[in-house]
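Student: In this note's numbering, the protein residues as written are 105 to 192.
Every residue gets a Cβ at the ideal spot worked out from N, C-alpha and C, and that includes glycine.
1) Alpha carbon to alpha carbon, what distance is there between residue 185 and residue 133?
2) Helix, strand or coil for residue 154 per DSSP?
3) Among residues of its own chain, excluding the 5 on either side of residue 180, which ones have a beta-carbon nearer than 6 Å to its beta-carbon?
4) Quick one: Cα of residue 109 to Cα of residue 153, how far?
5) If we ignore side chains and look at the alpha-carbon of each, how far apart do residue 129 and residue 144 end up?
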């Protein structure tokens, strides 16, 4: 049931951060990763990791924070397995 709820939530919002999903569904990061695996395999949802340069200490260096985002695609994005035979 939660897989369907996750799928519907991402479809409704189009783009959702993993932090937002863990808060909304009261999940740990590891639980979210496990639940998202079959949804990602279906191809309608894809994940993108974005790196933001953020400095919270005022040190003026390039501190980086990685954020995972999940996106809904109206068409499944699946890799195609194509057998290729090369004759020499």
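Tutor: Reading off the structure:
1) As a working mapping, residue 133 is identified with position 29 in the chain shown. As a working mapping, residue 185 is identified with position 81 in the chain shown. If you take the alpha carbons of residue 133 and residue 185, they lie about 31 Å apart.
2) What you label residue 154 is simply residue 50 of the chain shown in a count that begins at 1. Residue 154: strand per DSSP, three-state reduction.
3) Working through the chain shown from its first residue, we reach residue 180 at position 76. Contacts found: 147, 148.
4) In the chain shown, the residue the question calls residue 109 occupies position 5. In the chain shown, the residue the question calls residue 153 occupies position 49. Looking at the two C-alpha atoms, the distance is approximately 22 Å.
5) Position 25 of the chain shown, counted from the first residue, corresponds to residue 129. Position 40 of the chain shown, counted from the first residue, corresponds to residue 144. Whole-angstrom Cα-Cα distance: 18 Å.
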